[in-house]
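Chemist: Would you mind keeping the following structure in view while I ask a few things?
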Amino acid sequence: MATSNSNGTALITGASTGIGATYADRLARRGYDLVLVARDRQRLDSVAVRLRSQYGVQVDVLQADLTDRASLAHVEQRLATDSRISLLLNNAGNTVEGSFVSSDIDKVENMITLNVIAPTRLAKAAAARMAQEGKGAIINIGSVTAMMAETFSGTYSGTKAYMLNLTQAMQVELAPAGVRVQAVLPGATRTEIWERAGIDINALPKEMVMAVDDMVDAALAGFDQGETVTLPALPDMADWQAFTAARLALQPNLSRSTAAPRYLTA
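So for the sequence shown, our numbering puts the first residue at 681; every next one is plus one.
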């Protein structure tokens with residue numbers, strides 16, 4: 681029987697396939713025990729059996745639909761009370777097909793629940809406990825679409841912009857308490873999310889699409905290097921740093937007691 685590992689336990693949402701399953705493999709390899717969360721119990725069990733056998737770690741399976749409030753509350757409770765959980769990976773997410781006007785608004789609402797409400801509640805549950813314990817890490821999987829609103833549907837990219845904003849604010853708040861927070865912003869990554877959204881990823885230029893193993897390995901390298909925001913495909917992080925510097929330079933002039941001169945009329 682496997683014994684608990686010194687790294688603690690990583691709880692991973694969307695762990696049955698794609699990015700989540702790949703993170704599960706890499707974190708197990710690093711010596712984490714796992715709690716795997718997803719809707720598909722059969723797939724979760726398959727991943728769990730392989731990881732237990734290959735790495736000798738403890739793997740719990742937690743079947744949950746994170747768009748269902750009762751299921752979400754169950755996962756929140758686990759995060760809030762299980763001190764063995766040292767890392768939360770907020771990975772579960774979805775997208776919708778079509779433009780804003782043509783999209784199914786019920787599917788959009790479901791996406792927002794999964795991409796925004798669920799990870800926010802899970803992050804809050806984990807962060808409150810971790811801050812008290814003075815240790816832990818939270819990784820939020822976002823997307824480069826957070827900075828590409830003009831290119832993609834504003835609903836999906838908006839959920840990812842929210843997660844980027846939340847992550848940056850959380851890192852400022854939680855770093856003094858000893859809790860790490862990272863946002864990972866992948867570009868197009870070869871996973872099932874495309875097929876579920878009715879999008880043919882093979883229609884994209886090959887040079888734009890990254891293999892999921894490469895994406896996760898790069899994201900974990902960024903985590904090891906202490907990055908708050910990791911962009912696996914970006915060749916030069918100086919570009920991100922310049923973007924951040926320009927954004928921060930705006931702050932002193934974003935809220936003033938008078939309107940800008942260009943808006944003043946005679």
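Glycine is no exception: its CB is placed at the ideal position from the N, C-alpha and C atoms.
Just list the residues that DSSP pairs Val-909 with in beta bridges.
Modeler: Here residue 909 corresponds to residue number 229 of the sequence shown, with the count starting at 1. Looking at the DSSP assignment, Val-909 forms a beta bridge with Ala-863.
Chemist: For Asp-725, I'd like the list of residues in its chain whose CB is within less than 7 angstroms of its CB, leaving aside the five on either flank, ordered along the chain.
Modeler: As a first step, residue 725 is located in the sequence shown; it is residue number 45 there, counting from the start. Taken in chain order, the residues that qualify are Val-741.
Chemist: What residue range is occupied by the uninterrupted alpha helix (DSSP H) comprising Leu-752?
Modeler: As a position in the sequence shown, residue 752 is number 72, starting the count at 1. Leu-752 -> alpha helix (DSSP H) spans 749-761.
Chemist: Verify whether the separation of the beta carbon atoms of Thr-689 and Arg-764 is less than 8 angstroms.
Modeler: As a first step, residue 689 is located in the sequence shown; it is residue number 9 there, counting from the start. As a first step, residue 764 is located in the sequence shown; it is residue number 84 there, counting from the start. The answer is yes: Cβ separation under 8 angstroms.
Chemist: Suppose you measure from the CA of Gln-734 to the CA of Arg-719; what does that come to, to the nearest Å?
Modeler: The residue given as residue 734 occupies position 54 in the sequence shown. The residue given as residue 719 occupies position 39 in the sequence shown. If I take the Cα positions, the gap works out to 23 angstroms.
Chemist: Does the beta-carbon of Asp-786 have 16 or more other beta-carbons within 10 angstroms, so that it is buried, or is it exposed?
Modeler: The residue labelled residue 786 in the question sits at position 106 within the sequence shown. The residue is exposed, with fewer than 16 neighbouring Cβ atoms inside 10 Å.
Chemist: Which of the three DSSP states, helix, strand or coil, is assigned to Ala-690?
Modeler: Along the sequence shown, one-based indexing puts residue 690 at 10. The answer is strand: DSSP assigns Ala-690 an E or B state.
Chemist: For Val-776, count neighbouring Cβ atoms within 10 angstroms of its own Cβ and tell me buried if that reaches 16, exposed if not.
Modeler: Here residue 776 corresponds to residue number 96 of the sequence shown, with the count starting at 1. Buried, because 16 or more other Cβ atoms sit within 10 Å of the Cβ of Val-776.
Chemist: Put Leu-768 into one of helix, strand or coil per three-state DSSP.
Modeler: The sequence position of residue 768 within the sequence shown is 88, counting from 1. Here Leu-768 sits in strand by DSSP.
Chemist: Quick one: is Ala-826 buried, meaning 16 or more other Cβ sit within 10 Å of its Cβ, or exposed?
Modeler: Counted from its first residue, the sequence shown places residue 826 at position 146. Classification for Ala-826: buried.
Chemist: If you draw a straight line from the alpha carbon of Asn-795 to that of Gly-838, how long is it in whole angstroms?
Modeler: The residue you call residue 795 lines up with position 115 of the sequence shown. The residue you call residue 838 lines up with position 158 of the sequence shown. So the alpha carbons of these two residues sit roughly 10 angstroms apart.
Chemist: I'd like to know whether the C-beta atoms of Leu-714 and Ala-708 end up nearer to each other than 8 angstroms.
Modeler: As a position in the sequence shown, residue 714 is number 34, starting the count at 1. As a position in the sequence shown, residue 708 is number 28, starting the count at 1. Yes, the pair counts as a contact, with Cβ atoms nearer than the cut-off.
Chemist: Return the CA-CA distance between Ser-686 and Arg-706, expressed in angstroms with no decimal places.
Modeler: As a first step, residue 686 is located in the sequence shown; it is residue number 6 there, counting from the start. As a first step, residue 706 is located in the sequence shown; it is residue number 26 there, counting from the start. Using only the alpha carbons, I get a separation of about 16 angstroms.
Chemist: Just how far apart, CA to CA, sit Thr-761 and Ala-901?
Modeler: One-based indexing of the sequence shown puts residue 761 at position 81. One-based indexing of the sequence shown puts residue 901 at position 221. Each residue's Cα considered, the two are about 29 angstroms apart.
Chemist: What does the alpha-carbon distance come out to for the pair Leu-802 and Leu-846?
Modeler: Numbered from its first residue, the sequence shown carries residue 802 at position 122. Numbered from its first residue, the sequence shown carries residue 846 at position 166. C-alpha separation (whole angstroms): 13 angstroms.
Chemist: Going by beta-carbon coordinates alone, are Gly-698 and Thr-871 separated by less than 8 angstroms?
Modeler: Start at 1 with the first residue of the sequence shown, and residue 698 comes out as number 18. Start at 1 with the first residue of the sequence shown, and residue 871 comes out as number 191. Their beta carbons are under 8 angstroms apart, which means Gly-698 touches Thr-871 by this criterion.
Chemist: Under DSSP, the alpha helix (DSSP H) around Leu-854 begins and ends at which residues?
Modeler: Position 174 of the sequence shown, counting from 1, holds the residue named residue 854. 834-854 is the span of the alpha helix (DSSP H), which, as asked, contains Leu-854.
Chemist: Compare the C-alpha of Met-850 against each of Arg-749, Asn-820 and Met-828 and name the closest.
Modeler: For the purposes of this step, residue 850 is taken as residue 170 along the sequence shown, with counting starting at 1. Here the closest residue by C-alpha is Asn-820.
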